[in-house]
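As you go down the protein sequences, you meet chains A and B in turn. Using numbering that gives the first Met the number 0, the first residue of the first sequence is number 0, and each one after it goes up by one. Using numbering that gives the first Met the number 0, the first residue of the second sequence is number 0, and each one after it goes up by one. Just so it is clear, CB atoms sit at the ideal spot from N, CA and C, and this is done for glycine as well. Source: prediction; values computed, not measured.
2 protein chains.
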Amino acid sequence: MILTVTLNTALDLTYGVPELVPHASHRVSEMSERPGGKGLNVARVLSALGHETVVTGFAGGSTGTVLRELLAGLPATDAPGPEAPGTTPAPIAPAPVTDALVTVAGNTRRTIAVVDRATGDTTQLNEPGPLVTADEWAALLGRYEELLTGADAVALCGSLPPGIHVGAYAELVRAARAAGVPVLLDTSGEPLRRGIAARPDLIKPNADELAQLTGSREPMRATRDARRRGAHGVIASLGPDGMLAVTPDGIWQAAPPARVLGNPTGAGDSAVAGLLSGLVEGLSWPDRLRRAVALSTATVLSPTAGDFDRAAYEELLPRVGVEEHTPAAR
Amino acid sequence: MILTVTLNTALDLTYGVPELVPHASHRVSEMSERPGGKGLNVARVLSALGHETVVTGFAGGSTGTVLRELLAGLPATDAPGPEAPGTTPAPIAPAPVTDALVTVAGNTRRTIAVVDRATGDTTQLNEPGPLVTADEWAALLGRYEELLTGADAVALCGSLPPGIHVGAYAELVRAARAAGVPVLLDTSGEPLRRGIAARPDLIKPNADELAQLTGSREPMRATRDARRRGAHGVIASLGPDGMLAVTPDGIWQAAPPARVLGNPTGAGDSAVAGLLSGLVEGLSWPDRLRRAVALSTATVLSPTAGDFDRAAYEELLPRVGVEEHTPAAR
């Protein structure tokens with residue numbers, strides 16, 4: 000089982016409008032609602048890859064109730080129909096996603112993605128999230144330590160809700176390491192800085208997060224600097240340029256076969272799912288990176304924000320280029 | 000008791016952001032949630048004026064539940080503190096607002112007002128509302144006819160949710176007239192056009208709604224044309240220019256003492272509450288118009304969208320100018 004932790008879960012709303020015009024009134028022509036927050040997105044992709052997942056974090060209030068109802072409906076039951084025998088490999092059956100969220104008194108936040116139908120551009124509005132009390136944080140810590148006993152790996156994902164101390168992720172990283180469970184940390188700002196010092200197995204910053212952490216926008220310099228701060232492995236996601244992995248076993252650069260156009264929402268979460276599933280399956284670094292790059296590229300290509308296009312994923316997987324940096328190049 | 004009907008109730012969310020920038024990500028710094036839809040806003044103002052109100056219409060799903068919880072908290076209990084005896088008139092005690100909404104299977108819509116903290120400008124996003132079934136509409140009609148037996152007046156307010164036929168308001172107007180209950184219709188487009196033909200006692204279009212209905216932007220021409228289409232009285236709200244009333248008893252123009260700056264959200268709903276409470280209290284046309292103009296101006300001046308500033312209302316009331324058009328001027 001893979002555990003994902005989302006301290007600031009969200010009810011993600013997507014609104015389609017013909018065009019977003021500031022100071023005008025808009026009738027929303029299409030809308031969708033789904034359980035969100037980075038760790039929940041990671042769990043959805045892990046499930047699609049056939050990995051049993053348990054999600055924890057906080058949920059509360061009326062939006063928390065809706066989020067949990069939607070979560071209970073995962074994995075989506077639109078299983079592929081019967082196919083002619085022998086033509087294609089059997090599809091991977093989606094694995095269950097188990098709700099182990101801790102109930103809080105506050106209201107789970109909503110996030111609203113307003114999608115301009117003319118251009119596909121998205122304007123994002125994020126509520127701050129519920130104020131979490133000290134007792135609620137203690138309840139989460141207890142739940143987390145129980146869940147670690149059955150976990151093959153854990154992902155700690157996203158922003159902190161109000162009331163949670165900035166060293167929260169460092170505390171969760173230490174608990175995972177004490178339990179011997181590989182831990183990936185995907186956050187930003189001060190919670191990332193503090194969390195790295197607790198020596199997580201992996202971090203997956205994007206270029207902005209890396210620059211904020213290290214002050215450098217030069218990928219190799221920034222990634223190596225991030226690793227020196229305490230992370231065992233740093234997988235920098237460089238958008239259309241793919242990923243740069245600086246690990247104890249070597250340095251690799253992985254890139255999609257071509258640049259793609261689409262919606263990058265959730266591409267980073269798909270990459271986390273790729274890295275974590277590869278780790279649990281004992282794949283080599285190049286194969287983990289191939290999977291992570293193919294999944295995040297297939298997420299950009301998907302018509303639904305945050306989902307990945309399975310056919311594109313399978314088509315891309317063997318075509319992702321992975322190059323090892325030789326010691327001289329290091 | 001005054002009855003208000005809101006077929007497309009809404010959970011109104013207000014998000015404060017430093018500045019709304021299309022295609023950027025925004026952290027919402029302040030947010031509020033309240034029960035909305037025009038008829039609910041009218042009821043809130045009627046309650047503040049001391050009129051018992053019953054609200055009907057549709058509510059459903061998780062957002063409907065939240066809306067009804069918030070509605071149960073009305074009227075707000077922040078009663079004025081004790082004052083030195085004899086210094087000011089006793090404040091009007093808010094009257095109860097009773098929930099007689101019909102439960103539907105669909106989810107009540109949300110509306111989101113994104114307020115730019117730098118300029119005060121608002122960008123509005125409105126979900127379409129639940130699909131209402133024929134059985135749900137029949138249940139509403141039954142509830143409405145029961146409620147009419149105890150009503151002194153009724154206001155029919157706002158847009159129609161999906162699934163409701165465009166002649167719905169005409170049907171509700173006819174039922175009110177058959178029951179001998181004065182009926183005010185406040186909607187727009189085709190539902191207004193159809194509703195007028197059923198001969199409501201009053202309509203309260205704004206300049207855009209009038210122009211859409213009659214093809215004219217000249218206030219006197221358009222207002223008289225609207226009256227010829229079937230409404231007994233037409234009160235055109237002309238924004239900062241006040242109101243023009245074309246009624247069976249005469250024609251009046253009412254205007255605030257000065258132009259004011261502020262948020263016009265809800266000003267029309269306050270005007271409806273002013274007109275309807277004045278009708279029920281048997282006020283003269285000039286006094287009804289004075290109240291409607293003072294209430295809507297005090298709504299523009301209120302720091303909270305949709306609330307009215309009571310001190311401003313009391314100060315404005317005697318200063319609203321009302322002028323009768325003599326037959327020659329007609």
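- Bounds of any beta strand (DSSP E) do not take in aspartate 308 of chain B, whose DSSP letter is neither H nor E.
- Assigned with DSSP and collapsed to three states, threonine 5 of chain B falls in strand.
- Taking the Cβ atoms as the reference, glycine 56 of chain B lies roughly 21 Å from threonine 13 of chain B, outside the contact range of under 8 Å.
- If you check each beta-carbon in the region 97 to 116 of chain B against every beta-carbon of chain A, the ones closer than 7 Å belong to Ile111, Val113.
- A Cβ-Cβ distance of about 7 Å is found for the pair threonine 186 of chain B and serine 158 of chain B, placing them in contact under the 8 Å criterion.
- The contact set of threonine 121 of chain A on chain B, defined by CB atoms closer than 9 Å, consists of His22, Ser24 in chain order.
- Between valine 113 of chain B and leucine 140 of chain A, the gap from beta carbon to beta carbon reaches 8 Å or more.
- When CB distances to chain B are screened at a threshold of 8 Å, not a single residue of the region 172 to 183 of chain A falls below it.
- In chain order, Arg318 place their CB closer than 6 Å to the CB of proline 256 of chain B, counting only its own chain and leaving out the 5 sequence neighbours on each side.
- DSSP places glycine 179 of chain A outside both helix and strand once states are collapsed to three, so it counts as coil.
- Here arginine 26 of chain A is exposed. Its C-beta has fewer than 16 other C-beta atoms within 10 Å.
- A straight-line Cα-Cα distance of about 39 Å links arginine 289 of chain B and asparagine 106 of chain B.
- Here alanine 206 of chain A is near leucine 237 of chain A, since their CB atoms are less than 8 Å apart.
- Shown here, proline 34 of chain B sits in a strand according to DSSP, grouped into three states.
- Proximity of the region 29 to 36 of chain A to the region 142 to 161 of chain B falls short of the contact definition, fewer than three beta-carbon pairs being nearer than 8 Å.
- Proximity of threonine 64 of chain A to chain B, defined by a Cβ-Cβ separation below 8 Å, is satisfied.
- For threonine 298 of chain B, the three-state secondary structure derived from DSSP is helix.
- Only buried fits histidine 50 of chain A, as 16 or more other CB atoms lie within 10 angstroms of its CB.
- Around valine 27 of chain B, the beta-carbon contacts reaching into chain A at under 7 Å are Leu124, Asn125, Glu126, Pro127.
- Taking C-beta atoms under 8 Å as the contact rule, glutamate 18 of chain A and aspartate 115 of chain A qualify, at a distance of about 6 Å.
- Pairing isoleucine 111 of chain B with isoleucine 111 of chain A gives a Cβ-Cβ distance under 8 Å.
- Rounded to the nearest angstrom, the gap between the Cα atoms of methionine 0 of chain B and alanine 154 of chain A is 58 Å.
- With respect to chain A, the C-beta atom of leucine 19 of chain B has a partner C-beta closer than 8 Å.
- Taking a C-beta distance under 8 Å as the contact criterion, alanine 272 of chain A and leucine 294 of chain A qualify as a contact pair.
- Nearest to leucine 275 of chain B by C-alpha distance, out of B:Ala253, B:Asp308, B:Pro218, B:Pro181, is B:Pro181.
- Using a Cβ-Cβ cut-off of 7 Å, serine 61 of chain B is close to Ser61, Thr64, Val65 of chain A, given in chain order.
- Interface annotation, methionine 219 of chain B: not in contact with chain A, CB-CB separation never under 8 Å.
- Here DSSP, grouped into helix, strand and coil, assigns isoleucine 91 of chain A to coil.
- Across the set B:Leu69, B:Ala94, B:Pro161, B:Val54, the C-alpha of B:Pro161 shows the shortest separation from the C-alpha of alanine 104 of chain B.
- Nearest neighbour of valine 65 of chain B by Cα position, chosen from B:Asp248, B:Ile195, B:Leu10, B:Arg142, turns out to be B:Leu10.
- With its beta carbon at least 8 Å from every one in chain A, tyrosine 168 of chain B lies outside the interface.
- Taking each of B:Gly241, B:Ala152, B:His164 in turn and checking the Cα distance to glycine 320 of chain B, the smallest one comes out for B:Gly241.
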